[in-house]
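A.B. asks:
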Amino acid sequence: MTIDEIKNPNLTAQESMVKIEIATKGNENISSGVIVGDGHFAVTYLPEVSDDSIQVNVIHVGSNVATSGSIIYIDEAFGLVLIRLTEGLGIPVVISQDSLTRVKN
306 MTIDEIKNPN LTAQESMVKI EIATKGNENI SSGVIVGDGH FAVTYLPEVS
356 DDSIQVNVIH VGSNVATSGS IIYIDEAFGL VLIRLTEGLG IPVVISQDSL
406 TRVKN
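Numbering (the working numbering), first residue to last: 306 to 410.
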């Protein structure tokens, strides 16, 4: 996919939105995020989550299709969490020009 092929970036982002529920020993965090990578990953902003989460559920906003996942990376400085999804949920957003080049090849 090239930038010229993206007709409506807002629509692409909406199609990639997910609801993320992360249960820990102390509480449950609910956040929104987007599908990234090959469709088997999601990224979200959760500044107080840790990698000892008991359960991660991810629900595609447009279709209500759900899957489980696991936290594979936490950036504490920015509060970003990367989640590997058990099943692909949809079309990922393109994050950078570099990723556009990789998709094209």
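For every residue, glycine included, the Cβ atom is placed at its ideal position computed from N, Cα and C.
Work out the CA separation of VAL339 and ILE400 for me, nearest whole Å.
C.D. replies: About 10 Å.
A.B. asks: So, ILE327 versus VAL361, is the Cβ gap smaller than 8 Å?
C.D. replies: Yes, the Cβ-Cβ distance between ILE327 and VAL361 is below 8 Å.
A.B. asks: Taking 7 Å as the limit between beta carbons, can you name the residues of its chain near GLY393, skipping five residues before and five after?
C.D. replies: Excluding residues within five positions, the ones whose Cβ falls inside 7 Å are GLY344 and HIS345.
A.B. asks: With distances taken from CA atoms, which of VAL323, VAL386, ASN332 and ALA318 is nearest ILE364?
C.D. replies: The shortest C-alpha separation from ILE364 is found at VAL323.
A.B. asks: Look at the Cβ atom of THR391, then the Cβ atom of SER373, and state whether they are nearer than 8 Å.
C.D. replies: Taking 8 Å as the Cβ cut-off, THR391 and SER373 qualify as a contacting pair.
A.B. asks: With a threshold of 16 other CB atoms inside 10 Å of the CB of LEU351, please say whether the residue is buried or exposed.
C.D. replies: By the neighbour-count rule (16 or more Cβ atoms within 10 Å), LEU351 is buried.
A.B. asks: Nearest CA to the CA of ARG286: which residue from THR329, PRO397 and ALA382?
C.D. replies: A question about residue 286 goes unanswered here, because the residues of the chain that appear run from 306 up to 410.
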